[in-house]
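Visitor:
Numbering (the working numbering), first residue to last: 516 to 696.
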């Protein structure tokens, strides 16, 4: 069974950090999943079945968290004692906030454009580029591992949340455009 006292990195035998070896993560996941999968415990006691189910659920949660950069960054901040729900966790970068307003206005006007699919693709490419830049920043911030860098990482996580939300809204708009055809 799994050791429920281990954090997600320890569970997968990975160093605690933002950069994750995805191949090692996948290999270790398969290895652990074979050990705790509920099918292996079909003839076990009720307690063993319950522990197997809990282990499998924890393993899936851990994999999902470590695979996704935003979730991984949030988890790392939590491990380092940074309270993500604290009041002071707002974005102070006025340039970023202004850019977000402009992108939201652009998104709102896409349906009225001559080629909305081109506008969607252009906006999505800019967002993906911004996300990649922020992921590089947050990697450096976690590598620095200073109190100041962790505060910067907290703001970077907030920026990533904005961009991922906007990206999801663009995907929803693209589905609306497809449905309207």
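Note that beta-carbon positions come from the ideal geometry of N, C-alpha and C, so glycine has one too.
#1: Relative to the C-alpha of residue 622, which candidate in 543, 681, 696, 538 has its C-alpha closest?
#2: By the DSSP assignment, the alpha helix (DSSP H) with residue 578 in it spans what residues?
#3: Tell me whether the segment 608-618 and the segment 570-587 touch, counting them as touching only if at least three CB pairs, one residue from each stretch, are closer than 8 Å.
#4: Nearest to residue 549 by CA position, among 570, 565, 532, is which residue?
#5: If we ignore side chains and look at the alpha-carbon of each, how far apart do residue 538 and residue 545 end up?
#6: Determine, using beta-carbon pairs with one atom in the segment 638-656 and one in the segment 671-678, whether at least three such pairs fall under 8 Å.
#7: Three-state secondary structure (DSSP) at residue 610?
#8: Does the Cβ-Cβ distance between residue 667 and residue 656 come in under 9 Å?
#9: With a threshold of 8 Å, are at least 3 pairs of Cβ atoms found where one atom belongs to the segment 590-598 and the other to the segment 522-534?
#10: Identify whether residue 626 lies in helix, strand or coil by the three-state DSSP scheme.
#11: Whose C-beta lies closer than 7 Å to the C-beta of residue 563 among residues of the same chain, with five residues either side of it excluded?
#12: State the DSSP-derived secondary structure class of residue 674, mapped to helix, strand or coil.
#13: Looking only at its chain, what residues have a beta carbon closer than 8 Å to the beta carbon of residue 707, apart from the 5 residues adjacent to it on each side?
#14: Name the residue from 664, 628, 695, 678 whose alpha carbon lies nearest to the alpha carbon of residue 614.
#15: Can you grab the Cα-Cα spacing for the pair residue 641 / residue 664, in whole Å?
#16: Residues in the same chain with beta-carbon distance under 8 Å from residue 559, minus the five sequence neighbours each way, listed in chain order, please.
#17: With DSSP as the reference, label residue 643 as helix, strand or coil.
Guide: To lay it out plainly:
#1: Start at 1 with the first residue of the chain shown, and residue 622 comes out as number 107. Comparing C-alpha distances from residue 622 to each of 543, 681, 696, 538 shows the shortest one belongs to 681.
#2: Reading the chain shown from its first residue, position 63 is the one you call residue 578. Here the alpha helix (DSSP H) through residue 578 covers 561-582.
#3: no
#4: The sequence position of residue 549 within the chain shown is 34, counting from 1. Of 570, 565, 532, the residue nearest in Cα terms is 570.
#5: Working through the chain shown from its first residue, we reach residue 538 at position 23. Working through the chain shown from its first residue, we reach residue 545 at position 30. For residue 538 and residue 545, the distance between alpha carbons rounds to 11 Å.
#6: With a cut-off of 8 Å, the segment 671-678 and the segment 638-656 count as touching, because enough Cβ pairs lie within range.
#7: By 1-based counting over the chain shown, the position of residue 610 is 95. In the structure shown, residue 610 sits in a helix (DSSP, three-state: H, G or I).
#8: Reading the chain shown from its first residue, position 152 is the one you call residue 667. Reading the chain shown from its first residue, position 141 is the one you call residue 656. Cβ distance < 9 Å, so residue 667 and residue 656 count as in contact.
#9: yes
#10: Residue 626 sits at position 111 when you count from the first residue of the chain shown. Residue 626: helix per DSSP, three-state reduction.
#11: Taking the first residue of the chain shown as 1, we reach residue 563 at position 48. Result list for residue 563: 556, in chain order.
#12: Position 159 of the chain shown holds residue 674. Note: residue 674 maps to helix in three-state DSSP.
#13: Residue coverage of the chain in this structure runs from 516 to 696, which leaves residue 707 outside it and unanswerable.
#14: Your numbering for residue 614 matches position 99 in the chain shown. Selected option, being the one with the closest Cα: 678.
#15: Counted from its first residue, the chain shown places residue 641 at position 126. Counted from its first residue, the chain shown places residue 664 at position 149. Taking the straight line joining both Cα atoms gives about 26 Å.
#16: By one-based count along the chain shown, residue 559 stands at place 44. The answer, listed in chain order, is 567.
#17: Taking the chain shown and counting its residues from 1, the one referred to as residue 643 is at position 128. Of the three classes helix, strand and coil, the one that applies to residue 643 here is helix, per DSSP.
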